[in-house]
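Beneath this line is the structure, given in structure tokens, with notes to follow.
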Amino acid sequence: MGRVIRAQRKGAGSVFKSHTHHRKGPAKFRSLDYDERNGYLKGVVTEIIHDPGRGAPLARVAFRHPFRYKKQKELFVAAEGMYTG
3 MGRVIRAQRK GAGSVFKSHT HHRKGPAKFR SLDYDERNGY LKGVVTEIIH DPGRGAPLAR
63 VAFRHPFRYK KQKELFVAAE GMYTG
């Protein structure tokens, strides 16, 4: 008689469901604009936050807006050694 392996049990849900209610937002890269295609962009890490349901922390990074006088805030998966400031 065979066994039900772990991957099959995870597919059924219940205790293996991720905690998605208090998520901070989707972690993604910036959209490629002229500055990033032809050079680089400098940003400031404003905070490193815990995202429930995710194994890695998130970093909130503020960039200067390319056209307007304001800041763009993006969420990235925090790399090892990343710090605020």
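Counting in the working numbering, the sequence shown runs from 3 upward without gaps.
Ideal Cβ placement from N, Cα and C applies to all residues, glycine included.
Check	Outcome
Assigned secondary structure, Lys78 (DSSP; H/G/I helix, E/B strand, else coil)	Per the sequence shown, the amino acid found at residue 78 is Phe instead of Lys. In the structure shown, Phe78 sits in a strand (DSSP, three-state: E or B).
CB contact flag (Lys44, Leu77, <8 Å)	no
Assigned secondary structure, Phe18 (DSSP; H/G/I helix, E/B strand, else coil)	helix
Status (buried if at least 16 other CB within 10 Å, exposed otherwise) for Arg8	exposed
As assigned by DSSP and simplified to three states, the class of Arg66	strand
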